[in-house]
Every structure is written in structure tokens, then in C-alpha cells.
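J.: I'd like to ask some things about the structure below.
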Amino acid sequence: MKLLVLGTGAREHAIAWKLKQFSHEVYLHPGNSGTLKAGFPNLTPAISLKEIAIQAKEKNISLIVIGPETLLAEDYATHLRHEGFLVVGPGKEGAQLETSKLFSKEFMLRANVPTAKFIVHNDMNEFKNQLNQFPYPKVLKLEGLAAGKGVVIAKNEKQAMEFAENIWIHHLFGALPQRLIEEEFIAGVELSYLGLCDGKTFIALSSSTDFKRVFDHDEGPNTGGMGAISPSPYLNVELEAKIDQTIVGPILETLQREKLDFKGVLYIGIMIDKNQNPFVLEFNTRFGDPETQSLMIRMESDLLPALIATAKKELSSALPLKWKKETAIYVVAASKGYPENPKTGDLIQGLELNCSETEIFFAGVRSQNSDLITSGGRVLGIGALGADSSKAREKAYRRLKQISWPGMHYRTDIGISK
Ligand code: AMP
Ligand code: GLY
């Protein structure tokens, strides 16, 4: 079966790499110059959804995996299903679990899954009038998609007001009406619990934890993710049973009761508090980035049968996925100035060196003559497997030291537990 993975980044590279290991023919569109060099053809560049469908049919592609949330928000999944493809990714309705924080919080309430208490503000006046509902620190979340920039943990009133002013006075997130969700802060450790989900069945994709802040020891601004470890050091059998019972079960019941069609990846972002109780922070309706890179490195089974079963709503009869016993680490290397103001156009050196013990996945790169140069904030990442996290870390960081460009930076503590 021929497949198409839609997206530009390292997440899509990792999914395509995993599928290719089992000899499946994979297109990656639009991909990037690194994924092209790695042997994943794209379609003709800069094409519309309609053209994607035409070209995919010409190439006899049967199954399409949608990577980024922006495409899900544009309802690519429904359109491509209507064109007759098997699609992994929810339609616009199901994607609201990610694209609207309010929709997802209200869904969580109806499903009765544990989550932080919240209130909604519609404008600056409401915000000022209700400012003292929760103690500091508290969490402020812009209602819609904001590419990782829509969440602030306000330590005091000044920081809370600053964020509100950026929304409603300086219109940093656009001029349209904006809603803000204010949440109680839950202290703890984070777990990314991803699973293939067809609305009736959820098959966990092992577990992982990502490292969101730009600098070591969780300092600096939030990013799209600076690295990940799988399995998550914070998950154990007891906790997983609790998650299945109090979170996954109720979600599936609610999806069915409300007839919300969902065929894709459900990413449940979980905070585990000091009493080992899980709280849902957010849903994403796609593979996480960079969690997926660490998961694909650890996955032993062929991913394709599970993807087909998801797209056909037949997950209940799919075989269980097998995972390597080792630990996988994935470290992102970013360009100078990331996340605020990434510098691009720098020559990447050291890619040709031997790397049999690691995998490289490309994101923000493009070709210049026969070289690759940086073209985005998160440039590439290195993944490695080891008997434990320190062995995996040794390998990944050994490889990273061979690669360079001016201003390249990465966290040195990926995989170290809190
Ligand atoms: P979200 O986009 O909702 O996952 O939020 C981004 C990040 O903000 C999460 O990964 C957490 O690190 C943090 N966060 C979100 N909600 C809360 C909360 N209620 N309590 C503590 N931290 C949170
Ligand atoms: N790693 C967080 C995300 O994919 O949204």
C-alpha cells in the first residue's frame, strides 16, 4: 500500500521513516529538503488540497496521515475521505478537541475527566472584574490555536494583565474577538499519552514526556518542544490503570454518546500531581512533536496495520503494538534566536559523518547547492535508543556534537527526570 504523510517537520519524517522500515512506499508532502534527501518523495510543490487529492490518486496512494493541526482545522480529513482515501486524522468537528480550548474543557466536564477548574473571559472588562478567582500562579490560555504561544503561567497580577493586554489591547493574536480561559495551576510532572483512536477504541502509543521550555532545567519560554523521552519516566502500571479508568474510558463513552466522529491520534496531555493523580491539561488531535520521534524509534511493530484499522474504525480488532524495551531519547537542535526570532540561512555541517547508532529527523532545513542550510526554528533532531536513559543520552549527544551551524543550540538535559 502506498502512503502519504502530510506535513513539513521532523514528526512527519519519523512517521515516514518508521513506515519505510517495513518496506511501505511513503510520500511526504511538502516535507523538506532533508526528507527529500532521506528518500521520501513529495508531490509537486505548493499545491492545493484539491491537487493533493488528484496527485495522490495518480500515484495510487490509499492512506493519508495528516501531521499538523492547521490542516485538521481546515478539514483536510473530511475532504480527503470524500475523495475516497483512508485518512488518519479527525475531521474539523473532532479536531475541535484541539483547536478550541473551550470546546475541549467543556467536553472534559461532560466526560467527567479530572481537569483543572476554569473560567472564561470574553473581554478585558470581564477579565479585570473576575481577576481574583484563582490564586497565583494561574494559567491563562488563549481559546484558539496559537502555535504554542497561547499559554502563559502568570506568577502575579502584572504578568496576567500583560497577557490580557497583549490579547485585547495590542491585538498580538489578531483583531478578531478573542476568548481567554483562566485555569487553576496544578503542580506536578507531565506525561504525553498518545493513542490511536477510532472513537470506540483507544490503543496507547506507549508513553512519552516532552521538554517544552527552551533552556535546561525548564527555563526560558515555551517552545514547540526541545526533546522527548519514551517511555515516560513518570508512568507506572498503577497510574496507567487510573488513566484508563478515569480518563480514556470516559472519553470514549462521551465520543460515542455525542456521536463525535474521531479517526486519528488522540494526544492526552496529562499532569500527574504529588498524590499520583492524573489531570488532563489538553487534547491534541494529532501526533505530538517531538514525542512522536521518540515513539517511532521505540516502536517494534509495523505501524501500517494500526493506521489502517484507525482509518477504517476497526481498531478493536487490531493487533497490539509492540515496543522495544529500551529507552528512546530525542533531542531537538534549534537555530539562533529560537523561539522568539529564529535566524535562518546558516550552513549545517557534520551531517555526512557516521551515525549508525542514532537517527536524524529533519524539520527547518532547505537545500543550497548540495548542502543543507537552516530554514526554521527547530532545525533537526537526533534520536537514540539505549538500555536506559543515560545510555540513550550518551549516544544522542555524541552525535549532536558532530553537527554544527552558527548559533545552534539544544538542551543538554533531555531525558533527565525531575
Ligand atoms: P497546554 O497547551 O494546555 O498543554 O499548555 C501548555 C503547557 O502549560 C502545558 O504543557 C503545561 O506545562 C502548562 N499548563 C497548562 N495548563 C496547566 C495547569 N492547569 N497547571 C499547570 N500547568 C499547566
Ligand atoms: N509536544 C507538544 C505538541 O505536540 O503539541
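Per my numbering, residue 42 is the first one in the sequence shown, and the count goes up by one each step. No residue lacks a Cβ here, since even glycine has one placed at the ideal position from N, Cα and C. It should be emphasised that the depicted structure is a prediction, and the values quoted were computed from it without experimental measurement.
Comparing the CB of P331 with every heavy atom of the ligand GLY, is any distance shorter than 7 Å?
T.: Position 290 of the sequence shown, counting from 1, holds the residue named residue 331. Under cutoff, so the answer is yes.
J.: Per DSSP, which one or two residues make a beta bridge with I389?
T.: Within the sequence shown, residue 389 is the residue found at index 348, counting from 1. According to DSSP, which records beta bridges pairwise, I389 is partnered with nothing at all.
J.: What are the boundary residues of the alpha helix (DSSP H) that includes R298?
T.: In the sequence shown, counting from the first residue as 1, residue 298 sits at position 257. Its alpha helix (DSSP H) spans residues 290 to 298.
J.: For K366, report the span of its alpha helix (DSSP H) as first-last.
T.: Reading the sequence shown from its first residue, position 325 is the one you call residue 366. Counting along the chain, K366 falls outside any alpha helix (DSSP H), and DSSP gives it neither H nor E.
J.: Which residues does DSSP pair with L104 in a beta bridge?
T.: The count along the sequence shown starts at 1 and reaches residue 104 at position 63. Beta-bridge pairing links L104 to L44, L127.
J.: With a 10 Å radius around its C-beta and 16 neighbouring C-beta atoms as the bar for buried, classify F63 as buried or exposed.
T.: Here residue 63 corresponds to residue number 22 of the sequence shown, with the count starting at 1. So F63 ends up on the exposed side.
J.: Contact check, Y371 vs R419 under 8 Å by CB: the rounded distance?
T.: Position 330 of the sequence shown, counting from 1, holds the residue named residue 371. Position 378 of the sequence shown, counting from 1, holds the residue named residue 419. Incorrect: roughly 11 Å between the Cβ atoms, too far for contact.
J.: By alpha-carbon positions, which one of L356, E341, H162 ends up nearest to F204?
T.: As a first step, residue 204 is located in the sequence shown; it is residue number 163 there, counting from the start. Taking only the C-alpha atoms, the option nearest F204 is H162.
J.: Where does L69 sit, in a helix, a strand or coil, going by DSSP?
T.: Sequence index remark: in the sequence shown, residue 69 carries index 28 (1-based). Looking at L69 - three-state DSSP - the assignment turns out to be strand.
J.: Tell me whether K158 sits in a helix, a strand or coil according to DSSP, three-state version.
T.: Locating residue 158 in the sequence shown gives position 117, where the first residue counts as 1. In the structure shown, K158 sits in coil (DSSP, three-state: anything other than H, G, I, E or B).
J.: Residues in the same chain with beta-carbon distance under 6 Å from V193, minus the five sequence neighbours each way, listed in chain order, please.
T.: Translated into the one-based positions of the sequence shown, residue 193 becomes position 152. If we look at V193 and ignore the five residues flanking it on each side, its Cβ neighbours are L181, F204.
J.: I want to know whether the stretch 226 to 242 touches the stretch 278 to 296 - three or more CB-CB distances under 8 Å.
T.: They touch, by the three-pair rule.
J.: Considering only residues of the same chain and omitting the five flanking positions on each side of T140, which have a CB-CB separation below 7 Å?
T.: Looking up residue 140 in the sequence shown gives position 99. Taken in chain order, the residues that qualify are E110, A114, G185, L186.
J.: Take D343 and list the residues in its own chain whose beta-carbon comes closer than 7 Å to its own, dropping the five residues that flank it on each side.
T.: On the sequence shown, position 302 is the one that residue 343 refers to. Cβ within range, chain order: F63.
J.: Please state whether the Cβ-Cβ distance between R151 and T333 is less than 8 Å.
T.: Looking up residue 151 in the sequence shown gives position 110. Looking up residue 333 in the sequence shown gives position 292. No, these two residues do not count as a Cβ contact at 8 Å.
J.: Helix, strand or coil for T415? Go by DSSP, reduced to three states.
T.: Here residue 415 corresponds to residue number 374 of the sequence shown, with the count starting at 1. Strand.
J.: Pick helix, strand or coil for M312, following the three-state DSSP scheme.
T.: In the sequence shown, the residue the question calls residue 312 occupies position 271. It is a strand residue.
J.: Is G135 buried or exposed, if buried means 16 or more other CB atoms sit within 10 Å of its CB?
T.: In the sequence shown, counting from the first residue as 1, residue 135 sits at position 94. Counting Cβ neighbours within 10 Å, G135 comes out buried, since at least 16 surround it.
J.: Could you check where the alpha helix (DSSP H) with A282 kicks off and where it finishes?
T.: Reading the sequence shown from its first residue, position 241 is the one you call residue 282. 278 to 284 is the span of the alpha helix (DSSP H), which, as asked, contains A282.
J.: Tell me which residue opens and which closes the beta strand (DSSP E) that A404 is part of.
T.: For this step, residue 404 is matched to residue 363 along the sequence shown. A404 -> no beta strand (DSSP E), and no H or E assigned at all.
J.: So, with DSSP's three-state summary, where would you put H450?
T.: Taking the sequence shown and counting its residues from 1, the one referred to as residue 450 is at position 409. Reduced to three states, the DSSP call for H450 is strand.
J.: Quick check on DSSP: helix, strand or coil for A374?
T.: Here residue 374 is taken as the residue at index 333 of the sequence shown, counted from 1. A374: strand per DSSP, three-state reduction.
J.: Relative to the ligand AMP, is the shortest distance from any of its heavy atoms to the C-beta of S184 smaller than 7 Å?
T.: One-based indexing of the sequence shown puts residue 184 at position 143. The residue you asked about is not Ser; residue 184 is Glu in the sequence shown. No, the Cβ of E184 stays beyond 7 Å of every heavy atom of the ligand AMP.
J.: Determine the burial state of D285: buried for a count of at least 16 other Cβ atoms within 10 Å of its Cβ, exposed for fewer.
T.: Against the sequence shown, residue 285 aligns to sequence position 244. Exposed, by the Cβ-count rule.
J.: Under 8 Å between the Cβ atoms of V373 and N73?
T.: On the sequence shown, residue 373 is found 332 positions in, with the first residue counted as 1. On the sequence shown, residue 73 is found 32 positions in, with the first residue counted as 1. No; because the gap between Cβ atoms is not below 8 Å, this pair is not in contact.
J.: Indicate the three-state DSSP secondary structure (helix, strand or coil) for I349 in the structure shown.
T.: Taking the first residue of the sequence shown as 1, we reach residue 349 at position 308. Of the three classes helix, strand and coil, the one that applies to I349 here is helix, per DSSP.
J.: Looking at the unbroken beta strand (DSSP E) that takes in S233, where does it start and where does it end?
T.: As a working mapping, residue 233 is identified with position 192 in the sequence shown. That run of the beta strand (DSSP E) goes 230 to 238.
J.: Determine the burial state of G391: buried for a count of at least 16 other Cβ atoms within 10 Å of its Cβ, exposed for fewer.
T.: Stepping through the sequence shown from its first residue, residue 391 is reached at position 350. With fewer than 16 other Cβ atoms within 10 Å, it is exposed.
J.: At a cut-off of 7 Å, would you count N325 as near the ligand GLY, judging by its Cβ distance to the nearest heavy atom?
T.: For the purposes of this step, residue 325 is identified with residue 284 of the sequence shown, where counting begins at 1. Because some heavy atom of the ligand GLY lies under 7 Å away, the Cβ of N325 counts as near it: yes.
J.: Secondary structure at G422, three-state DSSP: helix, strand or coil?
T.: The residue you call residue 422 lines up with position 381 of the sequence shown. Three-state result, G422: strand.
J.: For the beta strand (DSSP E) that contains S271, what are its first and last residues?
T.: By 1-based counting over the sequence shown, the position of residue 271 is 230. It spans 268 to 271 - the beta strand (DSSP E) in which S271 sits, taken as one unbroken run.
J.: Looking at P383 and A51, is the spacing between their C-beta atoms short of 8 Å?
T.: Working through the sequence shown from its first residue, we reach residue 51 at position 10. Working through the sequence shown from its first residue, we reach residue 383 at position 342. No, the pair does not count as a contact, with Cβ atoms beyond the cut-off.
J.: Using only alpha-carbon positions, find the residue among L426, E198, T415, F148 that is nearest to E21.
T.: In the structure as shown, the chain begins at 42 and stops at 459. Residue 21 is therefore absent and cannot be evaluated.
J.: Could you check whether G191 and R327 sit closer than 8 Å to each other, using their CB atoms as the reference points?
T.: Sequence index remark: in the sequence shown, residue 327 carries index 286 (1-based). Sequence index remark: in the sequence shown, residue 191 carries index 150 (1-based). No, the Cβ-Cβ distance between R327 and G191 is not below 8 Å.
J.: Starting from G427, follow its DSSP beta bridges and name the residues at the other end.
T.: Translated into positions along the sequence shown, residue 427 becomes position 386. BP columns for G427 point to T368.
J.: With which residues is T250 paired in a DSSP beta bridge?
T.: The count along the sequence shown starts at 1 and reaches residue 250 at position 209. Paired residues: I270.
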